[in-house]
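To keep things clear, I will list the structure first and then write my remarks on it.
2 protein chains.
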Amino acid sequence: MTEPQILVPGATIGILGGGQLGRMLSVAASRLGFKTHIYEPGANPPAGHVADVVTTAPYEDEAALKAFADAVDVITYEFENVPTSALDLLDSVKPIRPNRKALAVSQDRLVEKAFLSELGLKVAPYAAVDDDVDLAEALVEIGAPAILKTRRFGYDGKGQARIMAPEEADQALKDMAGAPSILEGFVEFSHEISVIAARGQSGDISCFDPGENVHKSGILHSTTVPARLSPAQRTDAVLLAAKILNALNYVGVMGVELFVTSGGLVVNEIAPRVHNSGHWTQNGCVIDQFEQHIRAVAGWPLGDGKRHSNVEMLNLIGDDVDRIPEFAKDGAVAIHLYGKTDVKPGRKMGHVNKITGPA
Amino acid sequence: MTEPQILVPGATIGILGGGQLGRMLSVAASRLGFKTHIYEPGANPPAGHVADVVTTAPYEDEAALKAFADAVDVITYEFENVPTSALDLLDSVKPIRPNRKALAVSQDRLVEKAFLSELGLKVAPYAAVDDDVDLAEALVEIGAPAILKTRRFGYDGKGQARIMAPEEADQALKDMAGAPSILEGFVEFSHEISVIAARGQSGDISCFDPGENVHKSGILHSTTVPARLSPAQRTDAVLLAAKILNALNYVGVMGVELFVTSGGLVVNEIAPRVHNSGHWTQNGCVIDQFEQHIRAVAGWPLGDGKRHSNVEMLNLIGDDVDRIPEFAKDGAVAIHLYGKTDVKPGRKMGHVNKITGPA
Chain A
1 MTEPQILVPG
11 ATIGILGGGQ
21 LGRMLSVAAS
31 RLGFKTHIYE
41 PGANPPAGHV
51 ADVVTTAPYE
61 DEAALKAFAD
71 AVDVITYEFE
81 NVPTSALDLL
91 DSVKPIRPNR
101 KALAVSQDRL
111 VEKAFLSELG
121 LKVAPYAAVD
131 DDVDLAEALV
141 EIGAPAILKT
151 RRFGYDGKGQ
161 ARIMAPEEAD
171 QALKDMAGAP
181 SILEGFVEFS
191 HEISVIAARG
201 QSGDISCFDP
211 GENVHKSGIL
221 HSTTVPARLS
231 PAQRTDAVLL
241 AAKILNALNY
251 VGVMGVELFV
261 TSGGLVVNEI
271 APRVHNSGHW
281 TQNGCVIDQF
291 EQHIRAVAGW
301 PLGDGKRHSN
311 VEMLNLIGDD
321 VDRIPEFAKD
331 GAVAIHLYGK
341 TDVKPGRKMG
351 HVNKITGPA
Chain B
1 MTEPQILVPG
11 ATIGILGGGQ
21 LGRMLSVAAS
31 RLGFKTHIYE
41 PGANPPAGHV
51 ADVVTTAPYE
61 DEAALKAFAD
71 AVDVITYEFE
81 NVPTSALDLL
91 DSVKPIRPNR
101 KALAVSQDRL
111 VEKAFLSELG
121 LKVAPYAAVD
131 DDVDLAEALV
141 EIGAPAILKT
151 RRFGYDGKGQ
161 ARIMAPEEAD
171 QALKDMAGAP
181 SILEGFVEFS
191 HEISVIAARG
201 QSGDISCFDP
211 GENVHKSGIL
221 HSTTVPARLS
231 PAQRTDAVLL
241 AAKILNALNY
251 VGVMGVELFV
261 TSGGLVVNEI
271 APRVHNSGHW
281 TQNGCVIDQF
291 EQHIRAVAGW
301 PLGDGKRHSN
311 VEMLNLIGDD
321 VDRIPEFAKD
331 GAVAIHLYGK
341 TDVKPGRKMG
351 HVNKITGPA
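Now the structure itself:
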């Protein structure tokens, strides 16, 4: 492994993406005395309100990318769908953490599934689908119901089509609009959990206690900590996450979503970044997932992941944000808003962390 | 009282002063979806790294003050020594919270002592000193040892001279450089505490549990929560703070420093702003003093001040910041650095909050 690069306070952390994750990463970086520089194609990004510098430019603007890389000490990202050409350019100037391998794996559902399977981890049955012949074969092998997903650029339920019966296959394939896809079988699970795991530059690993997730319409609705897990399941979850991080020589925080089944834990997906299901750590831990990520990227020691309080995290999606006056009256509720001006259905506007008691 | 003015997310809070308090106020404001606009005469202010907009201009620049006031929805401040002329101008454009009365009282040690005395609260014996005749009389009345302080613009032990015996009076008076001053008698106390108290726009009051302060060389060294106090003393402390806030029709967070003496609590001084001795709340409470202040200023309900953890806050003064690598290894320690580039003796570079157990 390479020599750890330790950033001292005053250094600048470059963040690709200026959404709410970048916003909360910026705040965490400020606590450690770092400045942040956001690179974001969209105007008025949420992270910009709390960042030292914002570059507004597309990922195809080579001059802007170069200037950004020159201005920062290390580069990290808040989402995994950064174009490869941009990464190639940035990579030649400053280190990107988490590394390119983690990005390559998580940018493609098929590559990700193959990687996890090779590690000996359980995943949903899957098959690559590029056309109607592939899909017909895959449906025979995996059966319906199943979900057809684009291999790349999917998030929050986008780029997905359920196939409840074989006759729905044609429509599902049309929904993919010709994009290389993957058919995934359904997994019978009792509930979903996620492990927010971190790995430092010296290879040390620290995991927060798994949270239990509830999704609605394909979007995370709530995360509750602690999750319903036996001690053995809890240990399995953490060891499994550590295995993934080690295999990738990973540096930073990763979100690992797992299905709890009667046959053990099945990996749903991994995200090479801070994760919505880890927002509870802001009010449950001394060092939250955002600071943990910054610490890893900066070569600092990791927090121990210990929890002082139990928490229920509730996402505020679209109109949910109208409930803020109600939440503001509850002294056990911490409000986290993202500074987004327009309320849209399905848009993540903020979240609340309700303290439910001491850990 | 005037109609509460409730700010909705997306509004901009103007902050006079761009130091560490402004920095942490900005971060707290971001959690509630507010933007901040910092007004600061000095270049590269710590708060600027996490603020949406920074105005760099002196308090005598009327055009800059006017533009700042026009651009924000409400004005607050991180320190009390803003010139009156600037406040007059700002006040005519946008509301200033906490109000002018709180500023007027706390900007002048003599006015403050008189105000507290009139409220029936105990303060150190004091007398106004404008010249050597006043000082001689005051020393007869109050006795030595005593402390001569400038009435205005003192902080962190600056603008103060101890008089251990009457023959030191001349030198002490010279140290004041002709500034109107106040002689304060020594108070025999066992320890010092402070109450971080908040009052909302609707008159509701919420106090954090008192912390116990230790000063070194006139600068706060540490605050420990809980403080050593009997239940009766704790109640006295909180009621006393509430009395001050009500008398000022105060909106925002105030730091109230108290001496614990055999004869009861004696008010040392009040600060009409978030206070160094309240930094522990960042890691001990769901809603910290910074968010509490923003909530009050924005007309939101206050947090209840409840503590989930016991905390020891330690200031990092000057070279103390070299201990960061050591602190970073302790999972019970939260680091808070201020983004200041130059380390100078006596300069507050950051603080750490060590969790010592559940509350």
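Chains as they are written, first to last, in the UniProt record's numbering: chain A, 1 to 359; chain B, 1 to 359. All C-beta atoms, glycine included, are put in the ideal place defined by N, C-alpha and C. From a predicted model like this one, the values you see are computed outputs, not experimental measurements.
Asked                                                                                                                    : Found
Under 7 Å from the C-beta of Lys122(B): neighbouring residues of chain A                                                 : Under the 7 Å cutoff, chain A gives no residues; its nearest Cβ is about 31 Å from Lys122(B).
Nearest-angstrom Cα separation, counted from Gly305(B) out to Val225(B)                                                  : 13 Å
Residue burial classification, Met1(B) (beta-carbon count within 10 angstroms, cutoff 16)                                : Residue placement at Met1(B) cannot be trusted, given a pLDDT of 47 that sits under 50; what the coordinates show is reported in the next sentence. Under this definition Met1(B) is an exposed residue.
Contact between the segment 96-112 of chain A and the segment 258-275 of chain A (3+ Cβ pairs under 8 Å)                 : yes
Nearest-angstrom Cβ-Cβ length linking residue 364(A) and Ser194(A), presumed shorter than 8 Å                            : Examination of residue 364(A) is not possible in this model, given that chain A is present from 1 through 359 alone.
Expected contact under 8 Å - CB spacing of Ile317(B) and Ala332(B) to nearest Å                                          : At roughly 21 Å, the Cβ-Cβ gap does not stay under 8 Å, so Ile317(B) and Ala332(B) are not in contact.
Own chain residues within Cβ distance below 7 Å of His221(B), not counting five before or after                          : Val214, His215, Asn315
Contact the segment 8-26 of chain A vs the segment 74-92 of chain A: 3+ CB pairs below 8 Å                               : yes
Bridge-paired residues (DSSP) for Arg199(A)                                                                              : Ile205(A), Gly252(A)
CB-CB length for Phe153(B) against Asn81(B), believed under 8 Å                                                          : 5 Å
Nearest residue (CA-CA) to His293(B), options Val352(B), Ala172(B), Cys207(B), Gly357(B)                                 : Cys207(B)
Every unbroken beta strand (DSSP E) within the segment 208-282 of chain B, with a cutoff of 3 residues, ordered by chain : 211-216, 219-225, 252-261, 264-271
Residues in the segment 288-313 of chain A having any Cβ partner in chain B nearer than 7 Å                              : Trp300, Pro301, Gly303, Asp304, Lys306, His308, Ser309
Buried/exposed call for Met164(B), threshold 16 Cβ in 10 Å                                                               : exposed
8 Å Cβ cutoff met for Ala321(B) and Met349(B)                                                                            : Looking at the sequence itself, residue 321(B) is Val, so the reference to Ala does not match. Yes, Cβ-Cβ distance for Val321(B) and Met349(B) is below 8 Å.
Stretch pair the segment 142-149 of chain A + the segment 112-123 of chain A: three plus CB contacts closer than 8 Å     : no
Within-8 Å CB hit, Gly10(B) to chain A                                                                                   : yes
Start and end residues, alpha helix (DSSP H) containing Pro325(B)                                                        : 324-328
Cβ-based neighbour list, Val105(A), same chain, cut-off 6 Å, excluding 5 preceding and 5 following                       : Val111, Glu112, Phe115
Touch test, the segment 259-267 of chain B against the segment 334-352 of chain B, Cβ-Cβ under 8 Å, three pairs minimum  : no
Identity of the residues DSSP links to His351(B) by a beta bridge                                                        : Asn315(B), His336(B)
At least three beta-carbon pairs within less than 8 Å, the segment 185-205 of chain B to the segment 252-261 of chain B  : yes
Rounded C-alpha distance that separates Arg228(A) from Ala359(A)                                                         : 14 Å
Spatial distance of Ala51(A) from Pro9(B) (CA atoms)                                                                     : 18 Å
Rounded C-alpha distance that separates Ala29(A) from Val54(A)                                                           : 15 Å
Proximal chain B residues relative to Lys35(A), where beta-carbon distance stays under 8 Å                               : His49, Gly339
Rounded Cβ spacing between Ile244(A) and Val256(A) (contact assumed at less than 8 Å)                                    : 6 Å
Beta strand (DSSP E) segment containing Gly42(A), residue limits                                                         : Note, Gly42(A): premise wrong, no beta strand (DSSP E); not H, not E.
Contact list for Asp73(A) against chain B, beta-carbon separation under 8 Å                                              : Under the 8 Å cutoff, chain B gives no residues; its nearest Cβ is about 14 Å from Asp73(A).
Residues in the segment 182-208 of chain A having any Cβ partner in chain B nearer than 9 Å                              : Ser206
Beta-bridge pairing of Ala161(A) - partner residues as DSSP gives them                                                   : Leu148(A)
Presumed contact (8 Å Cβ cut-off) between His308(A) and Gly278(A), rounded CB distance                                   : Not really, about 16 Å apart at Cβ, beyond 8 Å.
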